[in-house]
Amino acid sequence: MIKIAALSGDGIGKEVVPGALKVLKALDLGFQFLELDAGYDCWKKRGENLPAETISAMQECRAALMGPFTTPIGLKEYESTVMKIRKKFDLFANIRPARSRPGIQCIARNADFVIVRENTEGLYAGIEWRTPKGACALRVITVHASERIARVAFELANSRKRRVTIVHKANILRQSDGLFRETCLDVSKNYPEISTDEKIVDAAAMSLVASPETFDVLVTPNLYGDILSDLAAQLVGGIGLAPSASVGEKYGAFAPVHGSAPDIAGKGIANPIATVLSAEMMLDYLGYRQDARRLGEAVGKVLAEGKVRTPDLGGTSKTNQVADRIVKELSMR
Numbered sequence: 001m002i003k004i005a006a007l008s009g010d011g012i013g014k015e016v017v018p019g020a021l022k023v024l025k026a027l028d029l030g031f032q033f034l035e036l037d038a039g040y041d042c043w044k045k046r047g048e049n050l051p052a053e054t055i056s057a058m059q060e061c062r063a064a065l066m067g068p069f070t071t072p073i074g075l076k077e078y079e080s081t082v083m084k085i086r087k088k089f090d091l092f093a094n095i096r097p098a099r100s101r102p103g104i105q106c107i108a109r110n111a112d113f114v115i116v117r118e119n120t121e122g123l124y125a126g127i128e129w130r131t132p133k134g135a136c137a138l139r140v141i142t143v144h145a146s147e148r149i150a151r152v153a154f155e156l157a158n159s160r161k162r163r164v165t166i167v168h169k170a171n172i173l174r175q176s177d178g179l180f181r182e183t184c185l186d187v188s189k190n191y192p193e194i195s196t197d198e199k200i201v202d203a204a205a206m207s208l209v210a211s212p213e214t215f216d217v218l219v220t221p222n223l224y225g226d227i228l229s230d231l232a233a234q235l236v237g238g239i240g241l242a243p244s245a246s247v248g249e250k251y252g253a254f255a256p257v258h259g260s261a262p263d264i265a266g267k268g269i270a271n272p273i274a275t276v277l278s279a280e281m282m283l284d285y286l287g288y289r290q291d292a293r294r295l296g297e298a299v300g301k302v303l304a305e306g307k308v309r310t311p312d313l314g315g316t317s318k319t320n321q322v323a324d325r326i327v328k329e330l331s332m333r
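Going by my numbering, the first residue of the sequence shown is number 1, and it counts up by one from there.
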């Protein structure tokens, strides 16, 4: 039996993760879901946001399905829950797809691309300090991390449209981004069948808006990928439709891109689609590709018909109504 860690996290995570679990259970794949505590609410109750027993239980699982986690601003002693999980399980590759969908009004009509973001270093390495007159942060880019994220990007492109765009700012950050660029280009030599190009990050942002259909796989350092993937989500209908995967050599964690949205938490109106699509990515990662495809098609049908939608997509439906409609669609497939 495959064990899946389920971490609802904070805010609307307590609504969207149960919705996604309801959909997964409808597939009847025999998974065992371990519902675990983590996040800011956990910290307020227990003084820690990632308890040892949560880590231990996660280690017994093949993968984790997670909700969003709140990271309070100004609480200096608080370390991001998701960053702790990424470090603990060495989840070095953050994969965020963006695809236009029938029935969804969006800026990009024919987009279908994936941002592959290095997930462990860059400015997010968390090496920073205050000085008497300011603050400093150390940006870390290594050959090791750049090589392995590049390999993920090229392997993914090999199963898609066979195009990789290396995103960087090597014209200004000549050493750090220069190393990232050079390493990715070196890896590209092992994939002669893949078309490789490169873009300065600001030009990449402009091109994503102007001609998103020209992209396939973009590989980026940590910060650039974080920013560009939110832009990408808005291009294809909003962050409520944006799933993600954080994967390493032996583990994968899957979560919506959106935050914990405390302004709507508890109202039952959060969009569960991003979490459900993250569950689809998890199924594919676990080798349940036919079930992943079935789930993705069910979500596509529900979105295309447009009858059951949460307020962020212009509807009036509740979180559980969207999940129930997906479950019903699955029963007919």
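Backbone N, C-alpha and C fix where the C-beta goes; we use that ideal spot for every residue, glycine too.
Best match in the options for proximity to residue i [C-alpha to C-alpha]
i, options, result
"Ile4", "Asn49, Thr54, Gly237", "Thr54"
"Leu283", "Ile227, Ala52, Ala64", "Ala64"
"Arg139", "Leu75, Cys184, Pro221, Ala298", "Pro221"
"Arg109", "Gly126, Ala232, Gln290, Asp226", "Ala232"
"Ala304", "Tyr288, Ile326, Gly287, Arg289", "Ile326"
"Tyr288", "Gly9, Ile104, Ala93, Leu27", "Leu27"
"Gln105", "Leu313, Ser317, Glu329, Ala150", "Leu313"
"Ser8", "Met66, Leu29, Asn49, Met58", "Met66"
"Val114", "Ala157, Ala210, Arg294", "Ala157"
"Tyr191", "Leu208, Val152, Ala205, Ala38", "Val152"
"Lys76", "Gly306, Asp263, Trp129", "Trp129"
"Asp291", "Glu15, Phe31, Asn320", "Phe31"
"Ala205", "Lys301, Glu182, Lys87, Ile166", "Ile166"
"Lys250", "Gly13, Ala93, Tyr124", "Ala93"
"Leu330", "Val302, Thr183, Cys184", "Val302"
"Ile107", "Ser211, Lys328, Lys88, Asn320", "Ser211"
"Leu295", "Arg309, Val276, Leu286", "Val276"
"Gln175", "Gly103, Val209, Gly122", "Gly122"
DSSP-derived helix/strand/coil call for residue i
i, result
"Arg102", "Checking the sequence shown, residue 102 turns out to be Pro, not Arg. Coil, per DSSP."
"Val299", "helix"
"Gly9", "coil"
"Ser188", "helix"
"Gly134", "strand"
"Ser159", "coil"
"Leu228", "helix"
"Leu91", "coil"
"Val167", "strand"
"Pro272", "coil"
"Glu77", "coil"
"Phe33", "strand"
"Gly126", "strand"
"Arg174", "coil"
"Ile85", "helix"
"Ile264", "coil"
"Lys307", "coil"
"Arg96", "strand"
"Arg148", "helix"
"Arg293", "helix"
"Val17", "helix"
"Ile4", "strand"
"Glu198", "strand"
"Arg139", "strand"
"Thr183", "helix"
"Asp339", "There is no way to answer for residue 339, as the model of the chain reaches only from 1 to 333."
"Thr214", "helix"
Integer-rounded CB distance, given that residue j should sit under 8 Å from residue i
i, j, result
"Val219", "Ala242", "Rounded, the Cβ-Cβ distance is 18 Å, inconsistent with contact."
"Ile200", "Lys169", "6 Å"
"Ala323", "Gly19", "4 Å"
"Ile273", "Val236", "About 12 Å; that fails the 8 Å criterion."
"Lys146", "Phe180", "Note on identity: in this sequence residue 146 is Ser, with Lys being the wrong assignment. Confirmed, Cβ separation roughly 5 Å."
"Ala261", "Gly11", "5 Å"
"Phe215", "Val187", "Actually they do not touch by this definition, with Cβ atoms about 19 Å apart."
"Ala6", "Leu29", "Their Cβ separation, rounded to whole angstroms, is 14 Å, which puts Ala6 and Leu29 out of contact at 8 Å."
"Leu120", "Ala150", "Per the sequence shown, the amino acid found at residue 120 is Thr instead of Leu. With a Cβ gap of about 14 Å, Thr120 and Ala150 do not count as contacting."
"Val23", "Ala279", "7 Å"
"Tyr124", "Leu223", "7 Å"
"Glu193", "Arg162", "6 Å"
Residue burial classification, residue i (beta-carbon count within 10 angstroms, cutoff 16)
i, result
"Asp177", "buried"
"Thr70", "buried"
"Pro68", "buried"
"Ile269", "buried"
"Pro97", "buried"
"Val116", "buried"
"Ala203", "exposed"
"Ala245", "buried"
"Asp226", "buried"
"Ala111", "buried"
Continuous beta strand (DSSP E) stretch holding residue i: start and end
i, result
"Ser244", "243–247"
"Met66", "63–66"
"Leu218", "217–220"
"Asp112", "112–118"
"Pro256", "252–256"
Boundaries of the alpha helix (DSSP H) in which residue i is found, first to last residue
i, result
"Ile55", "52–59"
"Asp324", "319–331"
"Lys45", "40–46"
"Asp202", "201–210"
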